[in-house]
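What follows is a set of notes on a single structure, which appears directly below.
Protein chains: 2
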Amino acid sequence: MTSQLKRTLTRELPQFEGQTVKLQGFVHARRDLGGVQFLVLRDVSGVTQCVGSGLQLPLAESSVEVVGKVKAHPKAPGGFEVQIEDFRVISAATEPTPVEIPKMEWNVNPETMLDYRVVTVRGLKERAALKVQAELVAAFRDHLRAEGFTEISTPKIVSAGAEGGANLFPIDYFGQNAYLAQSPQLYKQIMVGVFERVFEVAAVYRAEEHATSRHLNEYLSLDVEMGFIDDEEDVMGLENRLLGSIMERLKQTCAAEFELLGATIPDVPAHIPRIELMEARQLVTEKYGHQVGGKDLDPEAERLLSQHYAETEGSDFVFVTKYPRAARPFYAHPELNADGSVNGEVTRGFDLLFRGIEITSGGQRIHDYAMLMDSIASYKLKPESLEGYTEVFKYGMPPHGGFAIGAERLTAKLLGIANVRYARAFPRDRHRLTP
Amino acid sequence: MTSQLKRTLTRELPQFEGQTVKLQGFVHARRDLGGVQFLVLRDVSGVTQCVGSGLQLPLAESSVEVVGKVKAHPKAPGGFEVQIEDFRVISAATEPTPVEIPKMEWNVNPETMLDYRVVTVRGLKERAALKVQAELVAAFRDHLRAEGFTEISTPKIVSAGAEGGANLFPIDYFGQNAYLAQSPQLYKQIMVGVFERVFEVAAVYRAEEHATSRHLNEYLSLDVEMGFIDDEEDVMGLENRLLGSIMERLKQTCAAEFELLGATIPDVPAHIPRIELMEARQLVTEKYGHQVGGKDLDPEAERLLSQHYAETEGSDFVFVTKYPRAARPFYAHPELNADGSVNGEVTRGFDLLFRGIEITSGGQRIHDYAMLMDSIASYKLKPESLEGYTEVFKYGMPPHGGFAIGAERLTAKLLGIANVRYARAFPRDRHRLTP
């Protein structure tokens, strides 16, 4: 009889106080006190405590069905418990899990956690991180669609790298040399000629040998490209609105996940502060005494600059603009001088820093064929090797620009996850090809 | 002055009759009659005729800005034309396009069309196909999210094939052997243990040497997996509702694209007809005299069976159920006999036929560890090689099932595109790695 009940989710229990419900889920934890058995049932929406007697509890992670009465219980997680009237094992675990799912913590044996990822990913915090990422990606898409963007799907098997020849994974493509795409850069630019405004959500691949806490060899890239712009300010404006939408959505859908992870959802200012790169380098040196190496910002400079904007403007975000040409790829649009001539030193490229780390590179791209060929020559690249890329610029490409956000890096930074690998279900790194 | 106008899209023109608007877009076609110049401007929303005098028209595909007055003009495409008051070339094409975009047809020199895909993809019909696909994918996601599904992102770099060892593209992964994923099958099953209901939209890879009109070596797979089911009927019910939502959305958003392509959007019955495979084979033989080879349905049988259901029930869709084990992979859930024992011959796998072609394979999967190990043994597979897959079934996986839809194949079939390669922006086939 009771098994004909419609399934109730644990988060819906408050609506059913005093009534009999049917729950389905996994045995998250269990305790047998002789006469009384407790089990914590985990379903997609949360966990709830169930109490019964005379039950043979199966191993943790077994999937089960509980029919019982909902009672308010201030000390139980969620404030309710279910008094078991009927209990059924749907699918019994045949072995204890290699680690106890409710007792895991991210910082304990991280490699072991990844080795057993097929079950450790069921942990509440692990799941929360992936749920936040799914919502973040959904908000990204919904916002862009509302601004007239079209989603595209571009090849990941390519004949050459978009960002140059380094860090490519080789593929044997029916005996031909091919590579995994590092970025949809050139394809999204081509598609601006079709849909004017495009985005893509897809994996990209970087064969970087070094292991850091902020890089993955396979990651989900949230790519945007926008045509008929005036300059990179239009692109930053779009990203500003987009981030606002994403954070608003996370507030609506993921408050519990942020609470579980002890993280806060940032407010996105209506106008994210901007600072030119040269000024930013100077500020970090003058205010914090940090000498910045290289041509752009080093990780410490990124951290200090973010600190400055958090303290002075209460902003977790800052755009660093006007990157030098030496720190940007050949397709970055140069700044123009007042007379319209090309400034050979500075580009219209920008980075977006969030809580001390770069989460986006973006900018205006070169759309003029002659300017592009000049740029290729000055970067000492071979025009033949880029022909597939340059061809389309003969056909009236409008001014355009865009950016890319690494979904895992943004998720990790939002949630305070120290290593980006834990913001991906099944990460790939230098040594890890499984699970 | 007028350049300070906000941009208007061509599809918005009817709202602006008699007013001055600013359009931006590409020169789709042009004609110079001496005193008068006509140009057809193409933007993301459509095309419109613009008329002016004394203009120097740039090459086709140049991007341009037109300011002018909107006038009703029954013979012009869309019923309106713009009388040019101000004209500006935003970015001039530097060469004529290799083919004339407005005069292309899919069936003329298809290889040439693909060679020059970076510009031929701008064609109205080419763009319409990709627009329909983008809407179809968006509707797929929105429907599943509304039914409580979570989007996942699983690895495409894998250590072994999910469907067996054949047809895999090898990757050099830091000197280790790895492959491009054929399917997210095992990962989506694992993730049922986390989110219960999951989906993924991502490219998959098949190293099939043969060139057919229905296969791609890289395609966009719309993957679904659903836990806590009773049997495959729950999965077919979901797919039935999902297709209903998708077609409803296409009616709302893509009517113009279907009209342009001379295609009609199918009605999805509230209950798509189902027929068991053995019965389907018999029907095709008895009604049409077609002897069906192999263990399942051959392409001619698929065509005839679809014809039968179109004629007798007015349905463009039919589920073929209870596939024999010999035609299904090891993870397909067997049918159970009345006493609960395993039927060694028949599975709970199904295909969905649409207008004469299979667009989905799906079914219930084995969730019981012992049953899975038995199945692996009876398929003469090595259990060691599948350990990464089988491990998770020790931990209480609930009954589950799912399916996958090839986005390009469904798009092509919906639109009457004869070759699936034209339903992808940049297709990969046996010989084609560029553009």
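Residue numbers (the working numbering), protein chains in the order written: chain W, 1 to 435; chain E, 1001 to 1435. Idealized CB from N, CA, C, for every residue including glycine. Just so it is clear, the structure is predicted and the values come from calculations on it, not from any experiment.
- Looking from the CA of P14/W, the closest CA among L39/W, V82/W and F149/W belongs to V82/W.
- For T1097/E, the neighbours in chain W by C-beta distance under 7 Å run, in chain order, Y395.
- Following the DSSP letters along the chain, one finds V40/W inside the beta strand (DSSP E) bounded by residues V36 to D43.
- Taking CB atoms only, R1127/E has a neighbour in chain W less than 8 Å away.
- I1357/E: member of the beta strand (DSSP E) spanning I1357 to R1365, first to last residue.
- Between Y331/W and L277/W a beta carbon distance of about 18 Å is seen, past the 8 Å cut, so the two are scored as non-contacting.
- Sequence-distant partners of V346/W (beyond 5 residues in either direction) whose C-beta falls short of 8 Å from its own C-beta, in its chain, are K322, Y323, P324, R325, P334 and E335.
- For V1082/E, the nearest beta carbon of chain W is not closer than 8 Å to its own beta carbon.
- Leaving aside the five residues that flank T1150/E on each side, the residues in its chain whose CB is nearer than 6 Å to its CB run, in chain order, F1195 and V1198.
- Burial state of D1316/E is buried, judged by a 10 Å Cβ sphere holding 16 or more other Cβ atoms.
- Burial is judged here by how many other beta carbons sit within 10 angstroms of a residue's own beta carbon; D296/W has at least 16 and is buried.
- In the three-state DSSP reduction, A301/W falls in the helix class (H, G or I).
- In the structure shown, F199/W falls within a strand segment according to DSSP collapsed to helix, strand and coil.
- Taking C-alpha positions only, V67/W is separated from G1148/E by approximately 22 Å.
- One thing to note: V1320/E has its Cβ within 8 Å of the Cβ of A1280/E.
- Proximity of the stretch 1020-1038 of chain E to the stretch 1180-1193 of chain E falls short of the contact definition, fewer than three beta-carbon pairs being nearer than 8 Å.
- Shown here is that no member of the stretch 257-288 of chain W has a Cβ falling below 7 Å from a Cβ of chain E.
- By the beta-carbon neighbour count (other beta carbons within 10 angstroms, threshold 16), P299/W is exposed.
- DSSP places Q1133/E in the uninterrupted alpha helix (DSSP H) bounded by L1124 to A1146.
- As a beta-bridge residue in DSSP terms, R1274/E pairs with F1319/E.
- With respect to Q1049/E, A1407/E sits apart: the two C-beta atoms are not nearer than 8 Å.
- Between the C-alpha atoms of T1285/E and V1158/E there is a straight-line separation of about 42 Å.
- In this structure H431/W is exposed. Its beta-carbon is surrounded by fewer than 16 other beta-carbon atoms within 10 angstroms.
- Annotation for Y395/W: no alpha helix (DSSP H) segment contains it, and DSSP assigns it neither H nor E.
- Contact annotation: in the stretch 171-195 of chain W, residues whose CB is within less than 8 Å of a CB in chain E are I171, D172, Y173, F174, Q176, A178, L180, Y187, I190, M191, G193, V194 and F195.
- Using a Cβ-Cβ cut-off of 8 Å, D234/W is close to nothing in chain E; its nearest Cβ partner there is about 12 Å away.
- If you compare the alpha carbons of E239/W, I272/W and F426/W with that of T312/W, the shortest gap goes to I272/W.
- Residue environment: T411/W is assigned as buried (16 or more neighbouring CB atoms within 10 Å of its CB, all protein chains considered).
- Proximity of the stretch 374-383 of chain W to the stretch 226-240 of chain W falls short of the contact definition, fewer than three beta-carbon pairs being nearer than 8 Å.
- For Q1364/E, the number of other beta carbons within 10 angstroms of its own is at least 16, and it is reported as buried.
- Neighbourhood of K1156/E in chain W, by CB distance below 8 Å: K156, A203 and E218, in chain order.
- Remark: fewer than three beta-carbon pairs, one from each stretch, lie closer than 8 Å, so the stretch 251-260 of chain W and the stretch 207-226 of chain W are not flagged as touching.
- Secondary structure of Q1056/E (DSSP, three-state): coil.
- Its chain contains M1247, D1316, F1317, F1354, R1355 and L1414 as the residues whose beta carbon lies nearer than 8 Å to that of P1266/E, once the 5 sequence neighbours on both sides are disregarded; these appear in chain order.
- T1097/E places its beta carbon less than 8 Å from that of A1060/E.
- L41/W and L57/W have their alpha carbons spaced roughly 12 Å apart.
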